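Okay, so the sequence shown: first residue is 0 according to numbering that gives the first Met the number 0, each after it adds one. All C-beta atoms, glycine included, are put in the ideal place defined by N, C-alpha and C. It should be emphasised that the depicted structure is a prediction, and the values quoted were computed from it without experimental measurement.
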Amino acid sequence: MGSVKRVSIRRLDGLTLAAKGDSGHWITLDTAKKLEGNEGAPAPMELLLTSLGGCTGMDVLSILKKMKQPVKDFCIELEGKQSAEHPRVYTRIDIVFIVEGDVEPAKLERAIELSQERYCPVTAMLKPTVDIRTNYRVETDGSTINTND
0 MGSVKRVSIR RLDGLTLAAK GDSGHWITLD TAKKLEGNEG APAPMELLLT
50 SLGGCTGMDV LSILKKMKQP VKDFCIELEG KQSAEHPRVY TRIDIVFIVE
100 GDVEPAKLER AIELSQERYC PVTAMLKPTV DIRTNYRVET DGSTINTND
């Protein structure tokens, strides 16, 4: 049997919630004022994008390290498009990996592919219902040397 993860969530004020998982770290969740929130923290759907980016980002960085690629800086930008009707699920998520350093583009592509196809459980959960697209940019000294646009 696989591992079991637990999270406990309690209300702080209105729709502002605090969650604590097995790691012992607290995070706050909130929503827009028009939905009776306080806009004091990320909304759940924003955290879903954060989870996806964090998961695939950790994979890609770990794989690039094993490939001995010299990453100076690393950034991921995610954009999620939601359906117009409730439950307003994500229908498409675009992920752009921005890597600074003398990283071989083919190795970065392979690291992204391995994360998306094999290692990232968040991707694996979303992929059956969401169109997830990836792109990357490699920069050296602030100038772009390669992109797969």
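**Request:** For my contact list, D93 and E78 are in at a C-beta cut-off of 8 angstroms; report their separation, rounded to the angstrom.
**Result:** The C-beta distance from D93 to E78 rounds to 5 angstroms, short enough to meet the 8 angstroms contact threshold.
**beta strand (DSSP E) segments (min. 3 residues) lying fully within the stretch 91–144** = Here the runs fully enclosed are 130–139.
**Residues near L107 in its chain [Cβ-Cβ closer than 8 angstroms; skip 5 each side]** = Result list for L107: V59, L63, Q68, F96, V98, Y135, V137, in chain order.
**Item:** Three-way DSSP call (helix, strand, coil) for G79 in this model
**Value:** Reduced to three states, the DSSP call for G79 is strand.
**Item:** Residue from G56, M66, L14 whose Cα sits closest to the Cα of P120
**Value:** Measuring C-alpha to C-alpha distances from P120 to each of G56, M66, L14 identifies G56 as the nearest.
**Request:** In angstroms with no decimal places, state the Cα-to-Cα distance between G13 and K33.
**Result:** Going by the C-alpha atoms only, they are around 13 angstroms apart.
**Request:** Would you mind sorting Q115 into buried or exposed? The rule is 16 or more other CB atoms within 10 Å of its CB.
**Result:** Only buried fits Q115, as 16 or more other CB atoms lie within 10 angstroms of its CB.
**Request:** Grab the span of the alpha helix (DSSP H) containing V59 for me, first residue to last.
**Result:** Per DSSP, the unbroken alpha helix (DSSP H) holding V59 starts and ends at 43–65.
**Asked** Where does L34 fall in DSSP's three states?
**Response** Here L34 carries a helix assignment [DSSP, helix/strand/coil].
**Asked** Under three-state DSSP, which class holds A40?
**Response** Secondary structure of A40 (DSSP, three-state): coil.
**Prompt:** Between which two residues does the beta strand (DSSP E) harbouring K19 extend?
**Reply:** Looking at the DSSP string, the run of the beta strand (DSSP E) that includes K19 is 15–20.
**Request:** Just the C-alpha distance for R91 and Q81, rounded to the nearest angstrom, thanks.
**Result:** A straight-line Cα-Cα distance of about 7 angstroms links R91 and Q81.
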